[in-house]
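**Student:** The opening residue of the first sequence carries number 0 in numbering that gives the first Met the number 0; numbering runs sequentially from there. Handing you a structure now.
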Amino acid sequence: MKLINILKSELADTFQKLFGHTLQATDLNLLPTRKEFEGDYTFVTFPVARYTKKSPEESAQLLGKAITETSEIVESYNVVKGFLNLKINIKAWLETFETIYQNELFGQLAGKGKKVIIEYSSPNTNKPLHLGHLRNNFLGYSVSLIQQAAGYDVHKVNLVNDRGIHICKSMLAYEKFGNGETPESAGIKGDHLIGKYYVRFDQEYKKEIALMQDDGMDKEKAEKEALLMKQAQKMLQAWEQGDTAVVDLWKKMNAWVYEGFDQTYARMGVSFDKTYHESNTYLLGKTLVEEGLGKALFYKKEDGSVWVDLSDEGLDEKLLLRSDGTSVYMTQDLGTAELKYKDFHYDKSVYVVGNEQDYHFEVLFKILKKLNRPYAEGLFHLSYGMVDLPSGKMKSREGTVVDADDLMDEMAETAKKHTQELGKIDGFDEEQAGLLYETLALGALKYFLLKVDPKKRMLFNPEESIQFHGNTGPFIQYTHARIAAIIRKAEQLGIDYKSFDIHVLGKTHETVRQLIYMLDDYDRLIGEAAESFSPAIIAQYVYDLSKEFNRFYTEEPILKEEDINYLKFKVAFSSQVALTIKHAMGLLGISVPDRM
RNA sequence: GGUUCCAUAGCUCAACUGGAUAGAGCAACUGCCUUCUAAGCAGUAGGUCGCAGGUUCGAGUCCUGCUGGAAUCACCA
0 MKLINILKSE LADTFQKLFG HTLQATDLNL LPTRKEFEGD YTFVTFPVAR YTKKSPEESA
60 QLLGKAITET SEIVESYNVV KGFLNLKINI KAWLETFETI YQNELFGQLA GKGKKVIIEY
120 SSPNTNKPLH LGHLRNNFLG YSVSLIQQAA GYDVHKVNLV NDRGIHICKS MLAYEKFGNG
180 ETPESAGIKG DHLIGKYYVR FDQEYKKEIA LMQDDGMDKE KAEKEALLMK QAQKMLQAWE
240 QGDTAVVDLW KKMNAWVYEG FDQTYARMGV SFDKTYHESN TYLLGKTLVE EGLGKALFYK
300 KEDGSVWVDL SDEGLDEKLL LRSDGTSVYM TQDLGTAELK YKDFHYDKSV YVVGNEQDYH
360 FEVLFKILKK LNRPYAEGLF HLSYGMVDLP SGKMKSREGT VVDADDLMDE MAETAKKHTQ
420 ELGKIDGFDE EQAGLLYETL ALGALKYFLL KVDPKKRMLF NPEESIQFHG NTGPFIQYTH
480 ARIAAIIRKA EQLGIDYKSF DIHVLGKTHE TVRQLIYMLD DYDRLIGEAA ESFSPAIIAQ
540 YVYDLSKEFN RFYTEEPILK EEDINYLKFK VAFSSQVALT IKHAMGLLGI SVPDRM
């Protein structure tokens, strides 16, 4: 049993004996003792003073005295106001360490028997991935791993937005201005090529609007009447009707995009168990709309468009099908939700999508509830904040979008520069070096994006992101590499460090206690990170752990230790920290090198 | 305008979900490499937690109002 749980139960027993009242679990809240006081766990007696009929301070004194006398694990106590600080003896801490050290499933919580689907990435096939997608992908992937570690049966899903008016824009521009260009002939990745034509559409469209405005038309009308837009809409209708030429072009261009995406995904280190295409789900969405119409949950306007009225629930009316019969975003999402449930029969379905779509998902979930879907209660929108640049919001039209491929290139370049300046990898061949740069680059980038609470809007400062000092991915990777070096050396020296004996250890370094506390706390944090869908909790943890270990590392020479048993312990102890760093970073989708 | 979210050190972020004297990193300054990897460690300095009330033994955290910012309210996705 974990120390904190033993302590809680002892506390409850002691309290019962002293005051004749049984504390509820919620009253048994133990906090870590603040640094400036002596102790490991703190029990706050203010809330329970009403059961003791004594002052909080006196209650704390009585409790502390009694528990210290009877407990096998409490060494001493002190009371500051109503705060009872309890110090656990080192023996109990070391035994805790031994349990952790021998636990091969450390960092894996017991199975919960629940299935969770996590949908993330969800790119549009009309442009390459950018910085915003990086946050999404890293977040979705990491959340999946964390859910898994917390005991859920996780399936990662990608929903590719491969149809709709935006795709038609790229297609139209390509048809008009492409001259048969291909990724090979242009020498650029397929997703970038398609993105080029999406931008081209926008440019030509703007030109046309400007001309129409010159002729005296107002802007709003021009936007609707522009020939290019009409052609794009027509193309969408043709696509939905299965027009062979349109569908063939669509297939060809999408294939290029997928090839580009696959490369980018591989480099990012993310993956999916299943990929859905909206081109395959929108029809199912239409049947759901029909169903709703049949049950009079939705209604049809004179022009043939279909709507749902959610004004009773404080929302607006929402379009579900256009008057020309083509489907909209919502239609597709209805179909996809249905299909995902058919495929997985999940308990929970998580959508990793930016908070700009809060309203959309609120509506989507309400509609599915209206349709009385069995899975409606398990739907969850993991709404994350946008990524801003120092210059403000990313805007594709102003060319301020940070491209994902470019960014990863730059990070790798920076990693190379830093590493070469430090000159630490003399024995590396070119392949090993390249691998290390990639590990550091992605580590820096992922950590930078994941250390912030997902819900919050964050600032991406390019200069800060390429920093390798302080609270960064490479700092943590470095901590791991240093421990790995010690273990290598210990093994070279033939030290059988696994055979340490905690019962004959003398005095240990003061950081040991704190570090074991942290190791012991790891599974709790995994649970919390899973609960709140926040990799930031893991990031914060692994940073704190590394920071604390670095103090141990500097202040307590490991291999120079003369007491062979303590030496063994220190190596084993360090290896456990390294393992935990590796595991925690793994949950962030970040790998750690053994040398850097 | 309606709805939702945000505001903590010069900058970027924490604060164990209501607990003690609000913590890290960056930037600035001072020490520590005859080395288990200095991509590190230790220290100094930096705060009316946007403002004003309220609830509570206790509020950065909960409630109300105000100020400032963001998102959204499309026959875009």
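The beta carbon of each residue, even a glycine, is placed where N, CA and C say it ideally should be.
Note down, in chain order, each residue of its chain lying with its Cβ closer than 8 Å to the Cβ of ILE465, except the 5 sequence neighbours on either side.
**Tutor:** Translated into the one-based positions of the first sequence, residue 465 becomes position 466. Taken in chain order, the residues that qualify are GLU409, MET410, THR413, ALA443.
**Student:** Between ILE494 and LYS445, is the Cβ-Cβ spacing less than 8 Å?
**Tutor:** Position 495 of the first sequence, counting from 1, holds the residue named residue 494. Position 446 of the first sequence, counting from 1, holds the residue named residue 445. Against a cut-off of 8 Å, the Cβ pair of LYS445 and ILE494 comes out as no contact.
**Student:** Note the first and the last residue of the continuous alpha helix (DSSP H) segment covering LEU130.
**Tutor:** Taking the first residue of the first sequence as position 1, residue 130 is located at position 131. Element bounds for LEU130: 130–148.
**Student:** Determine the direct distance from the alpha carbon of ASN136 to that of TYR257, and round the result to whole angstroms.
**Tutor:** Residue 257 sits at position 258 when you count from the first residue of the first sequence. Residue 136 sits at position 137 when you count from the first residue of the first sequence. Cα-Cα distance, rounded: 16 Å.
**Student:** Can you tell me the Cβ-Cβ gap for ASP272 and LYS114, rounded? I've got them flagged as a contact below 8 Å.
**Tutor:** Counting from 1 along the first sequence, the entry for residue 272 is found at position 273. Counting from 1 along the first sequence, the entry for residue 114 is found at position 115. Actually they are not in contact, since the Cβ atoms of ASP272 and LYS114 sit about 12 Å apart, beyond 8 Å.
**Student:** When burial is assigned at 16 or more other CB atoms within 10 Å of the CB, is SER348 buried or exposed?
**Tutor:** As a first step, residue 348 must be located in the first sequence, where it is residue number 349. By the neighbour-count rule (16 or more Cβ atoms within 10 Å), SER348 is buried.
**Student:** So ASP190 and PHE260 are in contact, right, with Cβ under 8 Å, and what is the actual spacing, rounded?
**Tutor:** Translated into the one-based positions of the first sequence, residue 190 becomes position 191. Translated into the one-based positions of the first sequence, residue 260 becomes position 261. At roughly 6 Å, the Cβ-Cβ gap stays under 8 Å, so ASP190 and PHE260 are in contact.
**Student:** Unbroken alpha helix (DSSP H) runs of length 4 or more, entirely within the region 555–594: which are they?
**Tutor:** Taking only runs of at least 4 residues, the alpha helix (DSSP H) segments lying wholly in the region 555–594 are 563–586.
**Student:** What are the boundary residues of the beta strand (DSSP E) that includes GLY353?
**Tutor:** Residue 353 sits at position 354 when you count from the first residue of the first sequence. From DSSP, the beta strand (DSSP E) with GLY353 extends over 347–353.
**Student:** So, with DSSP's three-state summary, where would you put GLY426?
**Tutor:** What you label residue 426 is simply residue 427 of the first sequence in a count that begins at 1. GLY426 falls in the coil class under three-state DSSP.
**Student:** Only counting runs of 3 or more residues, tell me where the beta strand (DSSP E) segments fall wholly within the region 224–263, in order along the chain.
**Tutor:** Counting only runs of 3 or more, we get nothing.
**Student:** Keeping to the same chain, check which residues put their C-beta closer than 6 Å to that of PHE447; ignore five residues upstream and five downstream.
**Tutor:** Within the first sequence, residue 447 is the residue found at index 448, counting from 1. Excluding residues within five positions, the ones whose Cβ falls inside 6 Å are SER464.
**Student:** Which first and last residues belong to the beta strand (DSSP E) in which VAL115 is found?
**Tutor:** Against the first sequence, residue 115 aligns to sequence position 116. Segment 114–118, the beta strand (DSSP E) holding VAL115.
**Student:** Tell me the residue span of the beta strand (DSSP E) that contains TYR100.
**Tutor:** Along the first sequence, read from residue 1 onward, the residue named residue 100 stands at position 101. From DSSP, TYR100 is part of no beta strand (DSSP E) but of the alpha helix (DSSP H) over 89–101.
**Student:** LYS250 and TYR197 look like a contact to me (Cβ under 8 Å); what is the Cβ gap, rounded to whole Å?
**Tutor:** Numbered from 1 along the first sequence, position 251 holds the residue referred to as residue 250. Numbered from 1 along the first sequence, position 198 holds the residue referred to as residue 197. Wrong, their Cβ atoms sit about 17 Å apart, outside the cutoff.
**Student:** Please list, in chain order, all residues of the same chain as ALA483 whose beta carbon is under 6 Å from its beta carbon, the five residues on each side excluded.
**Tutor:** As a position in the first sequence, residue 483 is number 484, starting the count at 1. Cβ neighbours of ALA483 beyond the five flanking positions: ASP593.
**Student:** LEU504 and LEU93 - do their beta-carbons sit closer together than 8 Å?
**Tutor:** Walking along the first sequence from the start, residue 93 turns up at place 94. Walking along the first sequence from the start, residue 504 turns up at place 505. Yes, these two residues count as a Cβ contact at 8 Å.
**Student:** Leaving out the 5 sequence neighbours to the left and right, which residues in its chain are closer than 6 Å to PRO389 when beta-carbon positions are compared?
**Tutor:** By 1-based counting over the first sequence, the position of residue 389 is 390. Closer than 6 Å at the Cβ level, and outside the excluded window around PRO389, lie ASN460.
**Student:** Counting Cβ pairs closer than 8 Å, one from the region 53–67 and one from the region 525–535, do we hit at least three?
**Tutor:** They do not touch, by the three-pair rule.
**Student:** If you draw a straight line from the alpha carbon of ARG134 to that of GLU118, how long is it in whole angstroms?
**Tutor:** In the first sequence, residue 134 corresponds to position 135, counting from 1. In the first sequence, residue 118 corresponds to position 119, counting from 1. Near 14 Å, if we compare the C-alpha coordinates of GLU118 and ARG134.
**Student:** Assess, as a yes-or-no matter, whether the region 78–97 is touched by the region 501–519 under the definition of 3 or more beta carbon pairs within less than 8 Å.
**Tutor:** The region 501–519 vs the region 78–97: in contact.
**Student:** Can you give, in chain order, each stretch of the beta strand (DSSP E) that sits fully within the region 359–429 and has at least 3 residues?
**Tutor:** 378–383, all fully within the region 359–429.
**Student:** Count the other C-beta atoms from every protein chain shown that fall within 10 angstroms of the C-beta of MET170, then say buried if there are 16 or more, exposed otherwise.
**Tutor:** As a first step, residue 170 must be located in the first sequence, where it is residue number 171. It counts as buried.
**Student:** Looking at the unbroken alpha helix (DSSP H) that takes in THR335, where does it start and where does it end?
**Tutor:** Counted from its first residue, the first sequence places residue 335 at position 336. From DSSP, the alpha helix (DSSP H) with THR335 extends over 328–343.
**Student:** To the nearest angstrom, how far is it from the Cα of LEU130 to the Cα of LEU458?
**Tutor:** Counting from one through the first sequence, the residue named residue 130 turns up at place 131. Counting from one through the first sequence, the residue named residue 458 turns up at place 459. Computed Cα separation, rounded: 11 Å.
**Student:** What are the boundary residues of the alpha helix (DSSP H) that PHE474 is part of?
**Tutor:** Looking up residue 474 in the first sequence gives position 475. Taken as a continuous stretch (DSSP letters only), the alpha helix (DSSP H) holding PHE474 covers 472–491.
**Student:** With distance defined between alpha-carbon atoms, name the residue in ASP543, VAL153, SER75, LEU17 nearest to PHE343.
**Tutor:** Here residue 343 refers to the residue found at position 344 when the first sequence is read from its first residue. Among ASP543, VAL153, SER75, LEU17, the Cα nearest to that of PHE343 is on VAL153.
**Student:** So if DSSP puts HIS276 in a beta bridge, which residue, or which two residues, is it bridged to?
**Tutor:** In the first sequence, counting from the first residue as 1, residue 276 sits at position 277. Its beta-bridge partners are VAL159.
**Student:** Can you give the Cα-Cα distance for GLY588 and LYS64, rounded to whole angstroms?
**Tutor:** Your numbering for residue 588 matches position 589 in the first sequence. Your numbering for residue 64 matches position 65 in the first sequence. The straight-line gap from Cα to Cα measures roughly 47 Å.
**Student:** What is the rounded straight-line gap between the Cα of ALA231 and the Cα of TYR173?
**Tutor:** Here residue 231 refers to the residue found at position 232 when the first sequence is read from its first residue. Here residue 173 refers to the residue found at position 174 when the first sequence is read from its first residue. So the alpha carbons of these two residues sit roughly 12 Å apart.
**Student:** Run through the region 280–320 for me and flag every whole beta strand (DSSP E) of 3 or more residues, listed as ranges in chain order.
**Tutor:** Listed in chain order, the complete beta strand (DSSP E) runs (minimum 3 residues) inside the region 280–320 are 297–299, 305–308, 316–320.
**Student:** Please go through the same chain and pick out, in chain order, the residues whose beta-carbon is closer than 6 Å to the beta-carbon of GLU420, but skip the five residues on each side of it.
**Tutor:** Taking the first residue of the first sequence as position 1, residue 420 is located at position 421. So no residue of the chain qualifies.
**Student:** Quick test of the definition: if touching needs 3 or more C-beta pairs under 8 Å, does the region 96–112 touch the region 366–381?
**Tutor:** Judged by Cβ distances under 8 Å, the region 96–112 makes no contact with the region 366–381, as fewer than three pairs qualify.
**Student:** Skipping 5 residues on each side, what residues in its chain have a beta carbon closer than 7 Å to that of VAL570?
**Tutor:** Numbered from its first residue, the first sequence carries residue 570 at position 571. If we look at VAL570 and ignore the five residues flanking it on each side, its Cβ neighbours are ILE485, ILE486, ALA489, ILE494, TYR496, ILE557.
**Student:** Three or more beta-carbon pairs under 8 Å between the region 69–88 and the region 25–40, yes or no?
**Tutor:** As far as the Cβ criterion goes, the region 69–88 touches the region 25–40, which means the pair count is three or higher.
**Student:** From ALA265, GLU561, SER54, ILE87, pick the residue whose C-alpha is nearest to that of THR41; which is it?
**Tutor:** The residue labelled residue 41 in the question sits at position 42 within the first sequence. Out of ALA265, GLU561, SER54, ILE87, ILE87 has the C-alpha closest to the C-alpha of THR41.
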